[in-house]
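Going down the list, the sequences are from chains D and H. For the first sequence, the UniProt record's numbering begins at 1 and goes up steadily by one. For the second sequence, the UniProt record's numbering begins at 1 and goes up steadily by one. The beta carbon of each residue, even a glycine, is placed where N, CA and C say it ideally should be. To keep things clear, I will list the structure first and then write my remarks on it.
There are 2 protein chains.
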Amino acid sequence: MQMGEGVEWALHSCLNLAWAEHQAVTARKLAAFYDLPPAYLNRQLQALARAGIVASTSGPRGGFRLARAPEEITLLDVVVAIEGGREAFRCQQIMRDGPGGRSDVDYRRHCLVSQAMSRAELAWRRELAAQTLADIRDSVEEKHPDAPRMARNRLAQPAR
Amino acid sequence: MQMGEGVEWALHSCLNLAWAEHQAVTARKLAAFYDLPPAYLNRQLQALARAGIVASTSGPRGGFRLARAPEEITLLDVVVAIEGGREAFRCQQIMRDGPGGRSDVDYRRHCLVSQAMSRAELAWRRELAAQTLADIRDSVEEKHPDAPRMARNRLAQPAR
DNA sequence: GACCTCATACTCGGATAGGGGCTGTCCGAGTGTTTATGG
DNA sequence: CCATAAACACTCGGACAGCCCCTATCCGAGTATGAGGTC
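Put into structure tokens, the structure is as follows:
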């Protein structure tokens, strides 16, 4: 069970977009920030756009910007946008083929194994939903007060 | 991010092994219980054996049995045995290539994004480690008191 | 000088190949059982 | 009848293909820009 690395890129890119404020930033510049493949990062940003986390603008002076305030974007929003909303543990309802298995029972809700796994996954989601992009941004700024300025500088430079 | 379905099979099989008590059960019988591919389930049981969760015996009258008491087997143990212990979110330390990135800093520990993701994953692990196989077994028996007898009956039958 | 038109360059967006890991299967090494045989 | 030994049948264990999703890339549709020409 491994998370796609696009999640990491998306989170850091969202953070940079938060520092860029309302300035639209191109995928190329965001990719150059961490030396990432521009086309592939673009793909992740598209997923964020479909989820309504970022807004995109085409043409010259176009790019991506946050569609909502950082306080209204949770880490769970970003993870779900990139990885999809389906649960990591998907109950295949194998108990239906076991002794005493009923076809009219939804074991995704009644199987106690499935319940236990879902409970753990819920704790994971709850923790992700409890932290917003603004929380991360503020924590970073507290440790590195000049991070916003450095980010804006880098994003202002032409992307090579 | 999706968990392998072998985890579900392993959990249910461990539960059946708990009801079989100290009787060795072959992979074929465990597979027949839920109509699963025997060879593939065997593969998962081998992983459990390598992790020390079950003990295996070759030859006639051989099979698998729990290596520890159900109270000493957590859901996390089973998940780690099948899926591996590496974290779902693996920090690639992309900040090293960003502005102000240092090569001598381990961003897996210092990057705040990575910390937030690890915190969520820790909550998930904690929840999984809090429930043992005995907890699940007892919960099932409470709802279906004849589950152990039915399981033992099915496991006693020759696997077709 | 102001306005309109057109060519331009730049951006996102979706469609298109390549690779790694999960899924599924097979056969061989090892072992306890059973059976036949000889004392 | 009992001991012995060999043949056997059954099990785990690891090695071998197939498929799907993530990774990576490319090119086209759309658009704001800027230049050039005209009034």
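Pair within 7 Å by beta-carbon distance, residue i and residue j
i      : j      : result
H:L133 : H:I73  : yes
D:L48  : D:A81  : yes
H:Y34  : D:D97  : yes
D:A147 : D:V140 : yes
D:A18  : D:R152 : no
D:R58  : D:L30  : Per the sequence shown, residue 58 of chain D should be read as Ser rather than Arg. No; because the gap between Cβ atoms is not below 7 Å, this pair is not in contact.
H:M95  : D:G100 : no
H:A32  : D:M3   : no
H:L155 : H:V7   : no
Rounded separation between residue i and residue j - CA only
i      : j      : result
H:S114 : H:L15  : 35 Å
D:I53  : H:R126 : 30 Å
H:P145 : H:R65  : 22 Å
H:Q46  : D:M117 : 22 Å
H:G62  : H:A69  : 19 Å
D:V79  : D:A123 : 15 Å
H:E142 : D:H110 : 14 Å
H:Q157 : H:E121 : 42 Å
H:L36  : D:L76  : 34 Å
D:R43  : H:A55  : 47 Å
H:A10  : D:E83  : 25 Å
H:R102 : D:D106 : 52 Å
D:P60  : D:A51  : 24 Å
H:A67  : H:H22  : 9 Å
D:G85  : D:R119 : 16 Å
D:E5   : D:A20  : 23 Å
H:Q93  : D:M1   : 20 Å
Neighbourhood of residue i by C-beta, 6 Å cutoff - its chain only, sequence neighbours within 5 removed
i      : result
D:R108 : C91, S114
H:E71  : T132, A134
Local Cβ density within 10 Å of residue i, reported as buried at 16 or more and exposed below that
i      : result
D:Q131 : buried
H:D104 : exposed
Beta-ladder partner(s) of residue i, from DSSP
i     : result
D:S56 : D:F64
H:T26 : Partner(s): none; H:T26 has no beta bridge.
Contact set for residue i: own chain, Cβ-Cβ below 7 Å, skip 5 residues either direction
i     : result
H:P38 : A27, R28, A31
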